[in-house]
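The structure appears below as structure tokens.
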Amino acid sequence: DTEVTQTPKHLVMGMTNKKSLKCEQHMGHRAMYWYKQKAKKPPELMFVYSYEKLSINESVPSRFSPECPNSSLLNLHLHALQPEDSALYLCASSPTSGSAYEQYFGPGTRLTVT
Amino acid sequence: AQTVTQSQPEMSVQEAETVTLSCTYDTSESDYYLFWYKQPPSRQMILVIRQEAYKQQNATENRFSVNFQKAAKSFSLKISDSQLGDAAMYFCAYRRDDKIIFGKGTRLHILP
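Residue numbers (the numbering used here), protein chains in the order written: chain D, 1 to 114; chain P, 1 to 112.
Now the structure itself:
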């Protein structure tokens, strides 16, 4: 199984809502990543988890709250988002956080904040 | 700080022809990895090819090859015998440990 899955595929939420994005992989990877991608732009790294511990937070606003309950699962909790947070949110994983390893990307969750 | 630059926002190539996508980067590190990723429209991003900075030999994967010039900090991607399925956004990426930086991408169109 070389797949990273993400749910939901699409999400529309109001600025006062609380929602969560989910990412799962069963490749035994120990590094997992959240990216934000705006249209026609490259992915921007948000968070990195290595061995279930948060290792990088790229100064992301606190309305985004990541969680890694176990080595296969990564969540992104959303609260009080702004319309400019509308984007494609990509999850990725790699065997470890070392430089040599490629990242396996999920299909993304298309988020619209109204 | 590291930067990755892709100077060609869009390119077109005739089917079966060869095309080269350019990428330059800036870093003060000597040990790092470079990647080309492909993101087809509405589909997942996948790895095309990877290059270790300490290797002088250029990486090759079937129709895809790179021209890696470490001193010039250049990492171009050559696609031979272009196929319709190659149409996508191509991102050049620099990685050192967990620091991953993507270029702005090149949209590649394949003309039948």
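Quick reminder that beta carbons are idealized off the backbone N, C-alpha and C, glycines included.
Subject >> Simplified DSSP assignment, three categories, for glutamate 84(D) >> reply: helix
**OP:** Give me the Cβ distance between valine 21(P) and leucine 77(P), rounded to the nearest whole Å; I'm assuming they're in contact under 8 Å.
**Re:** Residue 21(P) is actually leucine in this sequence, not valine. Indeed they touch by this definition, with Cβ atoms about 5 Å apart.
Subject >> Residue closest to arginine 50(P), alpha-carbon to alpha-carbon, out of Pro41(P), Phe91(P), Ser28(P), Glu17(P) >> reply: Phe91(P)
**OP:** Measure from the C-beta of lysine 41(D) to each C-beta in chain P and report whether the shortest distance is under 9 Å.
**Re:** yes
**OP:** Sort out for me which residues DSSP pairs cysteine 68(D) with in a bridge.
**Re:** BP columns for cysteine 68(D) are empty, so no partner.
Subject >> Test item: CB-CB of serine 87(D) and glutamine 6(D) under 9 Å >> reply: Note on identity: in this sequence residue 87(D) is alanine, with serine being the wrong assignment. No, Cβ-Cβ distance for alanine 87(D) and glutamine 6(D) is not below 9 Å.
**OP:** Could you name the residues of chain D that glycine 105(P) contacts, counting a contact when the two beta carbons are closer than 8 Å?
**Re:** Lys40, Lys41, Pro42
Original post:
Using the beta-carbon of each residue, which ones in chain P are nearer than 7 Å to proline 107(D)?
Top reply: Gln44
Original post:
Looking at C-alpha atoms only, which residue of Pro112(P), Lys73(P), Ile110(P) is the closest neighbour of glutamate 29(P)?
Top reply: Lys73(P)
Subject >> Beta-carbon neighbours of valine 48(D), restricted to chain P and to distances below 8 Å >> reply: Asp98
Subject >> Inter-residue spacing [alpha-carbon to alpha-carbon] between serine 80(P) and leucine 108(P) >> reply: 13 Å
**OP:** Measure from the C-beta of tyrosine 33(P) to each C-beta in chain D and report whether the shortest distance is under 9 Å.
**Re:** yes
Subject >> Best match in Ser65(P), Leu111(P), Ile46(P) for proximity to cysteine 91(D) [C-alpha to C-alpha] >> reply: Ile46(P)
Subject >> Nearest-angstrom beta carbon gap, phenylalanine 102(P) and proline 42(D) [assumed within contact, 8 Å] >> reply: 4 Å
**OP:** Kindly provide the ranges of any beta strand (DSSP E) runs that are 3 or more residues long and lie completely inside the stretch 57-101 of chain P, ordered along the chain.
**Re:** 64-69, 74-79, 88-96
**OP:** In angstroms with no decimal places, state the Cα-to-Cα distance between tyrosine 51(D) and leucine 111(P).
**Re:** 45 Å
Original post:
With a cut-off of 8 Å, do at least 3 Cβ pairs link the stretch 66-77 of chain D to the stretch 9-23 of chain D?
Top reply: yes
Subject >> Distance, glutamine 14(P) Cα to serine 55(D) Cα >> reply: 44 Å
Original post:
Could you give the C-beta distance for serine 93(D) and valine 4(D), rounded to a whole number, given that I count them as a contact under 8 Å?
Top reply: 6 Å
Original post:
Taking C-alpha atoms, which residue in Thr5(P), Asp86(P), Ala93(P), Ala71(P) lies nearest to asparagine 62(P)?
Top reply: Asp86(P)
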